[in-house]
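Visitor:
Residue numbers (UniProt numbering), protein chains in the order written: chain A, 1 to 312; chain B, 1 to 312.
Here is the structure:
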């Protein structure tokens, strides 16, 4: 069936215009409106029922909760959400929480107060149970696995198991892990997978989010010398770059002195030849948006890909 | 004078809580409220008058217009805005426009309809005149120089002149430029500066925004051989990284075969040893937010710093 992109193309208007017409939104010229309606007839377009459900919302505003904006992971997920929202003429209200529960609650209260048509949690500090209580007031979607709420996620346990298998195949024996938080479902899954693989708490480094954190962990590792891991699975590419740079400055070699496997596969991993687990983050955002319109509980697991480079 | 960060620290509550108390915002426990008010007395805190002006807005919502979220430049400016907004208990409504005028107009109409307390343009497709007409409905701030609207900006003309001087001092004679758009005030300033420095249109490459664009420009340059520039001033670090990677793949050397000077000084420039013009982007976002509360026309010019590395 034709989608609104096809309509836009055939009617020679923007996707935004088509979605405006579908949602009886103002600021569309009569001429464009007629062009779109004509084209919809020609292409036998049936308005997407999910889209209808959502468009019945009063505010046309979708809330997005995330801890930090300037992190590739979150800005890409946000980008995916924004792309789909824009197609449907929705606006995004942004809640940058820095993992403060009270800011997450503020977003939930806006949903309860019908100031939002739906709410997407890219990550959370509140418990899933706390968030779920607000589900009665409007659609809520999580970007992590949930048994009760609509969610889109990747299998973090499997991603670590895959990383460990890859590193062992490459001859590394003592594998460590860096993480940002010491709580959160995805974090717990990664830790569980590392321990199930036979590795120990002492090689897990927390508080690893930025390049500076990576440089600090690198200095710790250099002090440990041979008492440290010979390979690290790392929070994200930025932390990995910090470790890479600090090792290089100290005349150490990657992967000879330390093998690096990171997450997100951003440009910096490509440029520094760091192996990285690629997650479909734009798709995660788009899926999260689409899940807002699905009434019954639905889980979407997204695949990940391990991209090997010189660092392992 | 003590600011709300000091209060938060002394009262042992979050900055958000302090700003909530200042703005008579709900969801603050009576106990915390009393602690904050007490501390304010002790520290002789006088509520910032600008903050008051803004907090009189009905919606407590600030609109932010930007073309793309997942660009270090824009996500950092957005981050600065979000930080200040959060301190004052404001929420951000995000308009990702991809430079579509009709989406920019949608944001302006929300300001006119009093659905926003203020609007910040990180970049624009509409003319300044079009935007200015809405100034009567509420505060509008631009992140580029304007003679009529409050604005925070850096001097793009000067930044190019500085870059050219640096490259000439390093012995480069034919200097080219890459840009994203072929319109927009900042773009025009950069082009004007390059031409005033004696260089030519033929060495200006447009449509340079992402790493892939950089790789494509690199391939063009490799075809040009000695008929091309020996140094490039580049849109941003990501494009520079694309050029760097493609040259490296073809066995070419930076800076011997081509000198690179880029903008933004993000992690990737640091990691690849690419010289870059550092802009205080977080500060730009924070300044843009503060300008929303200043009734009379005010311009803030932010300084830039050229950071030299191995690529020049």
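Positions of the beta carbon are idealized from the N, C-alpha and C atoms, including for glycine.
#1: Output the boundary residues of the alpha helix (DSSP H) element that contains residue 187/A.
#2: On a Cα-Cα basis, can you pick out the residue from 282/B, 211/B, 8/B, 197/B that is closest to residue 162/B?
#3: Please report whether the beta-carbon of residue 147/B lies at a distance below 9 Å from any beta-carbon of chain A.
#4: Going along chain A, which residues have a C-beta under 7 Å from residue 211/B?
#5: May I ask you to list, following chain order, the residues of the segment 277-308 of chain B that have a beta carbon less than 8 Å from some beta carbon of chain A?
#6: Taking all protein chains shown into account, do 16 or more other C-beta atoms lie within 10 angstroms of the C-beta of residue 133/A, making it buried, or fewer, making it exposed?
#7: With a cut-off of 9 Å, does the C-beta of residue 55/B fall near any C-beta of chain A?
#8: I need the DSSP call for residue 38/B, collapsed to helix, strand or coil.
#9: What residues from chain A crowd round residue 96/B, counting only those whose CB sits closer than 7 Å?
#10: Are residue 377/B and residue 6/B closer than 9 Å when you measure CB to CB?
#11: Is residue 121/A helix, strand or coil by DSSP?
#12: Do we get a CB-CB distance below 9 Å when we pair residue 52/A with the residues of chain B?
#13: Using the DSSP secondary-structure output, state which residues sit across from residue 263/A in a beta bridge.
#14: Using a beta-carbon distance below 9 Å, is residue 48/B in contact with chain A?
#15: Using three-state DSSP, classify residue 176/B as helix, strand or coil.
#16: If I'm right that residue 140/B touches residue 119/B with Cβ under 8 Å, what's the distance once you round it to whole angstroms?
#17: Bridge partners for residue 231/B per DSSP, in chain order?
#18: So, with DSSP's three-state summary, where would you put residue 284/B?
#19: Measuring CA to CA, which of 219/A, 228/A, 154/A is closest to residue 251/A?
#20: List the residues of chain A that residue 241/B touches, going by C-beta distances under 9 Å, in chain order.
#21: Just confirm the distance between the C-beta atoms of residue 16/A and residue 102/B, as a whole number of angstroms; I'd bet it's less than 8 Å.
#22: Answer with yes or no whether the minimum CB distance from residue 103/B to chain A is below 9 Å.
#23: Three or more C-beta pairs closer than 8 Å, one from the segment 169-179 of chain A and one from the segment 198-217 of chain A: is that the case here?
#24: Measuring straight from C-alpha to C-alpha, what distance separates residue 240/B and residue 155/B?
#25: Does the contact criterion of 3 or more C-beta pairs under 8 Å hold for the segment 255-274 of chain A versus the segment 89-96 of chain A?
#26: Under 8 Å Cβ-Cβ, which residues of chain B neighbour residue 93/A?
#27: Counting only beta-carbon separations shorter than 9 Å, does residue 42/B have a partner in chain A?
#28: Check whether the Cβ of residue 245/A lies closer than 9 Å to any Cβ atom in chain B.
#29: Consider the Cβ of residue 78/A: report whether some Cβ of chain B lies at a distance smaller than 9 Å.
#30: So, helix, strand or coil for residue 91/A, using DSSP?
#31: Using three-state DSSP, classify residue 214/B as helix, strand or coil.
#32: At what residues does the beta strand (DSSP E) containing residue 140/B begin and finish?
#33: Is residue 129/B closer than 9 Å to residue 65/B when the C-beta atoms are compared?
#34: Label residue 79/B either buried or exposed according to how many other C-beta atoms from any shown protein chain fall within 10 Å of its C-beta, with 16 as the threshold for buried.
#35: Taking only beta-carbon atoms, is residue 127/B less than 9 Å away from chain A?
#36: Please classify residue 96/A: does DSSP put it in a helix, a strand, or coil?
Guide: Concretely, from the data shown:
#1: Per DSSP, residue 187/A belongs to the alpha helix (DSSP H) from 185-196.
#2: When only C-alpha atoms are compared, the closest one is 197/B.
#3: No, because no Cβ of chain A sits closer than 9 Å to the Cβ of residue 147/B.
#4: 267, listed in chain order.
#5: So nothing in the stretch comes that close.
#6: With a 10 Å radius around the Cβ and a threshold of 16 neighbouring Cβ atoms, residue 133/A comes out exposed.
#7: Caution applies to residue 55/B, whose pLDDT of 45 falls short of 50 and renders its modelled position unreliable; the value that the coordinates give is listed next. No, no contact with chain A.
#8: Helix.
#9: Here the neighbours are 82, 86.
#10: With chain B covering 1 to 312 only, the question about residue 377/B has no answer from this structure.
#11: Secondary structure at residue 121/A: strand, using DSSP grouped into helix, strand and coil.
#12: Confidence is the limiting factor: at residue 52/A the pLDDT is only 39, short of 50, which leaves the residue's position unreliable and the question unanswerable from this model.
#13: In the DSSP output, where bridge partners are listed per residue, residue 263/A has 277/A.
#14: Note on residue 48/B: pLDDT 47, under 50, position unreliable in the model; no value is reported.
#15: Residue 176/B falls in the strand class under three-state DSSP.
#16: Correct: roughly 5 Å between the Cβ atoms.
#17: Per DSSP, 175/B, 259/B.
#18: Three-state DSSP puts residue 284/B in a helix.
#19: Considering only alpha carbons, the answer is 219/A.
#20: Contact note: residue 241/B reaches chain A through 267, 268, 270, 271, using a C-beta cutoff of 9 Å and chain order.
#21: Contact holds; Cβ gap of about 6 Å.
#22: At least one C-beta of chain A is nearer than 9 Å to the C-beta of residue 103/B.
#23: Flag = yes, the segment 169-179 of chain A and the segment 198-217 of chain A touch.
#24: If you draw a straight line from the Cα of residue 240/B to the Cα of residue 155/B, it comes to about 21 Å.
#25: Too few Cβ pairs lie closer than 8 Å, so no.
#26: Result: 61, 91, 92, 93, 94.
#27: Not closer than 9 Å to any Cβ of chain A, the Cβ of residue 42/B fails to qualify, so no.
#28: Taking Cβ atoms only, chain B reaches closer than 9 Å to residue 245/A, which makes this a yes.
#29: Chain B places a beta carbon closer than 9 Å to that of residue 78/A, counting this residue as a contact.
#30: DSSP places residue 91/A in strand when its eight states are reduced to three.
#31: Residue 214/B: helix per DSSP, three-state reduction.
#32: For residue 140/B, the uninterrupted beta strand (DSSP E) segment begins and ends at 140-142.
#33: The Cβ atoms of residue 65/B and residue 129/B do not sit closer than 9 Å to each other.
#34: Note on residue 79/B: 16 or more other CB atoms within 10 angstroms of its CB, so buried under the neighbour-count rule.
#35: No, residue 127/B does not count as interfacial toward chain A.
#36: Here residue 96/A sits in strand by DSSP.
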